[in-house]
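Asks: Under my numbering, the letters of the sequence shown match residues -3 to 332, in that order. No residue lacks a Cβ here, since even glycine has one placed at the ideal position from N, Cα and C.
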Amino acid sequence: MIIERSTRLLIAALCCVPVSSTVAGDTLLWSEEFDGTGAPDPVVWTNDLGDLGVNNELQIYTDDPLNVRVAGGNLVIQARREADGRFTSGRIKTKDKVMFQYGTVEARIRIPDLANGLWPAFWTLGNDISSVGWPRCGEIDILEMGAGDAIADGVVNRRVYSTAHWDFNGDHASYGQNLTDAAELDEDFHVYRLEWTPTAIRTFLDGQQIWVMDISNQDAMSGHEFHAPHFLIINLAVGGWFPGITNPSGITASLPAAYLVDYVRIYDNGHTILSGPGVDPGCPGDFDLNGRVDSADLGLLIAAWNTRAPRYDLNEDGAVDAADLGLLIGAWGDCP
C-alpha cells in the first residue's frame, strides 16, 4: 500500500531469480492466531486512527469494534458507510512491537467482495520510518487487491498484486507484479506468503508465486531498505488512486464488508531476526508462548542448535548451545 503516489520505476533485473518455496522446512518463531474476542492484542498491535491523508483514500480509520475486532477465531476489519455518508474502516500495525528482518511470513486471509472501491492490503514497512521517512524505510506489499485495471478486466476478486518500494538516489522506485487466480478469492480463505532472504523477496498465493525481486545487489537501491527490520500492517481502504475511485458515489461494494484474517505466522528461514516486546517469551524458554516451558519448547531449541537464532539464544552469547539448554531446563514448568 503506497503511502504517496510517485512515478513507478520498473527495474527488470530485480526479477531474475529462480522460483523457490521453503516454508515446509522452516521453524515457527511467532504466530498471531486471533483467538478470543475483543480488540486485537495491544502487546502486538497498534491501531492507526483518523484520516491519514494518503492515496486519496475515502475512509477514516477507527478502533471501534464495528471496524476492528477479534471474533470467531479471526481478525475482522470491516469497512462501513456511516449514516452521515462517511466511510470508516480499520488498520492495525506491529510497529515497535513485532519486527522482523528476513523470514517467511504467512497469513490465511479471506477478502470481501471488492466490487468497485475496496482495497485490502497485507504489507510491511521498515521500522525506521519515523526517522528516515518513506520510501527510504522500504515497503513490501505482500497482498493488495482492488486495482482499477482489475476492475476494468472483470477480475477484481481474482487479481493479487505484490510490490516493493524504496529510495533510489533520492527518488521513489518500485517494482511489482500480479497474479490472476482461477478462483474468486472472496469465496474462501487463501494463504498469502512472503519469503524474504538476504538475496531475494518472493510472494505466493496458495503456493503459486506472484512476484520475486533480487535484493542481492544493494547498488540497485539505497542499500538498507530490505536488509533492516520491518513491521506488519493489515488494513482495508475504501477508494483511492489504486482502485481509481476518489468520489464516494463511485463506491459500489456492498457495505459493511468484512476482511478476515485467520492467522499471521513468522517462520525462521535460516536468516530471520525477530524482535520486539510482542515476540519475547512470557518467561525464558517459553518459545511457543503457551505459559509453560516444556517438551515442545525443548524441541524448538534443539531444532535451532548451533545456530545464532536470537529467539533461542537465551543467554545472548551469539550461539544456541548447552548454556541455553541449561537455562531452559532451569525454567521447566509453568511460567511464574
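Please work out which residues of its chain come closer than 8 Å, Cβ to Cβ, to residue 302, disregarding the five sequence neighbours upstream and downstream, and give them in chain order.
Replies: 315, 316 and 317
Asks: For the pair the region 123 to 133 and the region 141 to 151, tell me if three or more CB-CB distances fall below 8 Å.
Replies: With the rule of 3 Cβ pairs closer than 8 Å, the region 123 to 133 does not count as touching the region 141 to 151.
Asks: Going by the CB atoms, is the gap between residue 309 and residue 293 shorter than 9 Å?
Replies: no
Asks: Considering only the alpha carbon of each residue, which of 224, 273 and 313 lies closest to residue 42?
Replies: 273
Asks: Checking the sheet assignment: what are the DSSP bridge partners for residue 40?
Replies: In the DSSP output, where bridge partners are listed per residue, residue 40 has none listed.
Asks: CA-CA distance, residue 61 and residue 35?
Replies: 7 Å
Asks: Count the other CB atoms within 10 Å of the CB of residue 39; is the residue buried (16 or more) or exposed (fewer)?
Replies: exposed
Asks: Less than 8 Å between the CB atoms is what I'm expecting for residue 175 and residue 142, so what's the real figure, rounded?
Replies: Not confirmed; about 15 Å, so no contact.
Asks: Kindly indicate which residue of 256, 238 and 101 has the alpha-carbon position closest to the one of residue 185.
Replies: Check the Cα spacing between residue 185 and each of 256, 238 and 101: the tightest is with 256.
Asks: According to the Cβ coordinates, are residue 78 and residue 234 closer than 9 Å?
Replies: no
Asks: Whole angstroms are fine: how far does the CA of residue 220 sit from the CA of residue 75?
Replies: 35 Å
Asks: Should the region 159 to 179 be called in touch with the region 258 to 271, which here means at least 3 C-beta pairs below 8 Å?
Replies: no
Asks: Pull up the distance between the alpha-carbon of residue 73 and that of residue 328, whole angstroms please.
Replies: 39 Å
Asks: If you draw a straight line from the C-alpha of residue 88 to the C-alpha of residue 271, how long is it?
Replies: Between the C-alpha atoms of residue 88 and residue 271 there is a straight-line separation of about 18 Å.
Asks: Restricting to runs no shorter than 4 residues, where is the alpha helix (DSSP H) found entirely within the region 60 to 143?
Replies: 125 to 128
Asks: Near residue 17, what residues of its chain come up, given a Cβ to Cβ distance below 6 Å and the 5 sequence neighbours on each side ignored?
Replies: Unreliable placement is indicated for residue 17, whose pLDDT of 48 sits below 50; the coordinate value is still reported in the next sentence. Taken in chain order, the list of residues that qualify is empty.
Asks: In whole angstroms, what separates the C-alpha of residue -3 from that of residue 332?
Replies: 41 Å
Asks: So the alpha helix (DSSP H) residue 323 belongs to, where does it begin and stop?
Replies: 318 to 326
Asks: Using 10 angstroms around the beta-carbon of residue 243, count the other beta-carbons present and answer buried if the total reaches 16, otherwise exposed.
Replies: exposed
Asks: Once you ignore the five residues that flank residue 65 on each side, which residues in its own chain have a CB closer than 6 Å to its CB?
Replies: Taken in chain order, the residues that qualify are 72.
Asks: List the residues that DSSP assigns as beta-bridge partners of residue 26.
Replies: According to DSSP, residue 26 shares a beta bridge with 262.
Asks: In terms of DSSP beta bridges, what is residue 206 paired with?
Replies: DSSP, once it has assigned bridges, lists no residue as partnering residue 206.
Asks: Spell out the partners DSSP gives residue 153 in its beta bridges.
Replies: None, per the DSSP bridge assignment.
Asks: Could you name the residues of the same chain whose beta carbon sits closer than 6 Å to that of residue 312, not counting the 5 residues immediately before and after it, in chain order?
Replies: none
Asks: Expressed to the nearest angstrom, what Euclidean distance is found between the alpha-carbon atoms of residue 236 and residue 119?
Replies: 17 Å
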